[in-house]
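For reference, the structure is listed below as structure tokens.
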Amino acid sequence: MDEHRQKIDREFDALLAGQVRELDALSQRHAKDRERLQKTSATVETRRRRQLQQQQEAELKQFQTQQKKDYVKWKDELRKVSCASATVVR
């Protein structure tokens with residue numbers, strides 16, 4: 083009976099050791115996968131930040147250009163109105 087019990091215990095220990103090895107291998111694989119995903123995410127985030135910044139800079143430049151055009155147009159119209167009213171007053 084003791085011999086049978088010892089054999090079962092050895093088998094159990096062997097199976098347990100195999101499970102521990104599998105668990106360690108899975109844990110290492112998941113850690114590598116997490117690291118890879120973190121690197122990928124960081125790269126994507128950096129790329130998107132750069133794209134967003136470039137888009138915002140382009141929109142700001144376009145807005146400033148439009149504001150300058152509107153200002154020049156408004157200034158010319160104001161000058162024309164001022165000149166027209168000055169000639170009417172005389």
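When the letters of the sequence shown are read in order and numbered with the numbering used here, they come out as residues 83 to 172. Cβ coordinates follow ideal geometry from the N, Cα and C atoms, glycine included.
Taking only the alpha-carbon atoms, compute the straight-line gap between residue i and residue j and give it to the nearest angstrom.
| i | j | result |
| --- | --- | --- |
| Q135 | S167 | 47 angstroms |
| K150 | K143 | 11 angstroms |
| Q182 | V102 | In the structure displayed, the chain extends from 83 to 172; residue 182 sits before or after that span and is not available. |
| R111 | G100 | 16 angstroms |
| K157 | R132 | 37 angstroms |
| V126 | A113 | 20 angstroms |
| A160 | A140 | Per the sequence shown, residue 160 should be read as Leu rather than Ala. Near 30 angstroms, if we compare the C-alpha coordinates of A140 and L160. |
Any chance you could list the alpha helix (DSSP H) runs of at least 4 consecutive residues sitting entirely within the region 106-168, in chain order? none
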